[in-house]
Each structure stands twice: as C-alpha cells, then as structure tokens.
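Residue 144, in my numbering, is where the sequence shown stops; the numbers in between run on with no holes. We treat Cβ as the ideally placed atom computed from N, Cα and C, and that holds for glycine. Owing to the predicted nature of the structure, the values given are computational and were not obtained by experimental measurement.
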Amino acid sequence: MSKSRKTRKRISKTTPAAAPGLARRDMLKLARNGAIGAVLVSGGGYFALGSFQAYAAEHDLTRLGQGKPVVVQVHDPQCPTCTALQKQARRALKSFGECDLVYLIADITTPEGRAFAVRHGVGNVTLLLFDGQGGLHQTVQGLHDSNQLDAIFQAHHGAVTVS
C-alpha cells in the first residue's frame, strides 16, 4: 500500500493548479503595448495640433497690416491651378525668413476669403502683395513658376522695406 500512496502523491504534485487571471508575461505585454499605443496617439495628436495651428495662422487675414510685408493668395482648394500656384509660391518663399515676408491665404470657399477677394476685385489664381501697413502694392495674376515668383517677392520685399 505504501507504493500506491506514493504514486498518488506524485500525481497530485505534478498536476499544476490553474492560475487565475493573466500570467505575468501577458500583463507585461499588455503594459508594453498600451505604452506604445499611448505614445503613438499623443504623437499623432501633437502633429495634428501643429498642423491645425499652421493652417489657422495661414488663413488669418487679420495679420495683414501688422508691420510685416504680406503676400496673400486668393485661393480655391478645388482649383488645380490654384494648388499649383500655392506650391510654387511656397517654394519661392523658402528663401525668406518667417519675419521677412508673411504668406496668407484668402480661401474663396469661406465667407472671409470671398469677401476679401470681392473687396480687392480679384478672382482665384491671384497673389496680392501688401506692405507692412496693409497697402496693396502689386497684383500678380496667373500661374508663375517659383523662380519668377522669387524675383517678384524679392523686388516687393526690397521696395516695401526701404520706404
């Protein structure tokens, strides 16, 4: 009989009891994945916030006449020519610092942008160049490449900063 008791004891010792809940390894994986997810979500939120702030600043026409020369593009987001002009203008403006020449957009699909275009009597695919006090100095209509726009912007900047 002693053999059977030993066998029974061995069987009971070798069968592990089921652990309740998650194992330690599973908990660590869950914590790691949660931390990675939190970093990704917060990074995406930070990028979206910065992108929105840049968009809002670029469309804020009240910045006109606040001491810095301004280029305003009358723009329709649905117009491929307007989008091409915007790309060329941004490329040309890379030679300027943020404090030298301000680039704004009058989006004609918004009430403010439409009113701005009507007030100046222009349509889309147009650039309006203003001095630091908000006085209109030049109107550039149509699509131009970045080299042409760079020359126009340099001349405008030189003219309005000297006077």
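Thr120 vs Leu109 beta-carbon contact at 9 Å: As a position in the sequence shown, residue 120 is number 139, starting the count at 1. As a position in the sequence shown, residue 109 is number 128, starting the count at 1. Cβ distance < 9 Å, so Thr120 and Leu109 count as in contact.
Opposing strand residues paired with Gln54 [DSSP bridges]: Mapped onto the sequence shown, residue 54 falls at position 73. Partner(s): Ile86, Leu108.
DSSP state of Leu117 mapped onto helix, strand, coil: On the sequence shown, residue 117 is found 136 positions in, with the first residue counted as 1. Of the three classes helix, strand and coil, the one that applies to Leu117 here is strand, per DSSP.
First and last residue of the uninterrupted alpha helix (DSSP H) at Phe157: With the chain covering only -18 through 144, there is no way to say anything about residue 157.
Cβ neighbours of His118 in the same chain (closer than 6 Å, five flanking residues each side left out): Counting from 1 along the sequence shown, the entry for residue 118 is found at position 137. Counting only Cβ-Cβ distances below 6 Å, and skipping sequence neighbours, we find Leu110, Asp112.
Of the listed residues Thr43, Ala19, Gly15, nearest to Gly94 (C-alpha basis): Residue 94 sits at position 113 when you count from the first residue of the sequence shown. Checking every option, the nearest Cα to that of Gly94 belongs to Thr43.
Given Leu85 as reference, the closest of Glu39, Gly18, Met8, Ile133 once Cα atoms are compared: Position 104 of the sequence shown, counted from the first residue, corresponds to residue 85. Ranking Glu39, Gly18, Met8, Ile133 by Cα distance to Leu85 puts Glu39 first.
Residues sharing a beta bridge with Gln122, DSSP: As a first step, residue 122 must be located in the sequence shown, where it is residue number 141. In the DSSP output, where bridge partners are listed per residue, Gln122 has Thr107.
Range of the contiguous alpha helix (DSSP H) that encloses Arg71: On the sequence shown, position 90 is the one that residue 71 refers to. Its alpha helix (DSSP H) spans residues 61 to 74.
Chain-order list of residues whose beta-carbon lies under 7 Å from that of Ala65 (same chain, five-residue window excluded): Here residue 65 refers to the residue found at position 84 of the sequence shown. Closer than 7 Å at Cβ, skipping near neighbours: Leu124.
With 16 other Cβ atoms within 10 Å as the buried cut-off, status of Asn14: Against the sequence shown, residue 14 aligns to sequence position 33. Label assigned to Asn14: exposed.
Coarse secondary structure for Gln135, derived from DSSP in three states: Here the question's residue 135 lines up with position 154 in the sequence shown. DSSP places Gln135 in helix when its eight states are reduced to three.
Burial state of Leu30, where buried means 16 or more other Cβ atoms lie within 10 Å: If you number the sequence shown from 1, residue 30 lands on position 49. Residue placement at Leu30 is poorly supported in this model, since its pLDDT is 49, which falls under 50; the coordinates still yield a value, given next. Exposed.
Best match in Val52, Gly18, Thr91, Ala136 for proximity to Gly115 [C-alpha to C-alpha]: What you label residue 115 is simply residue 134 of the sequence shown in a count that begins at 1. Selected option, being the one with the closest Cα: Val52.
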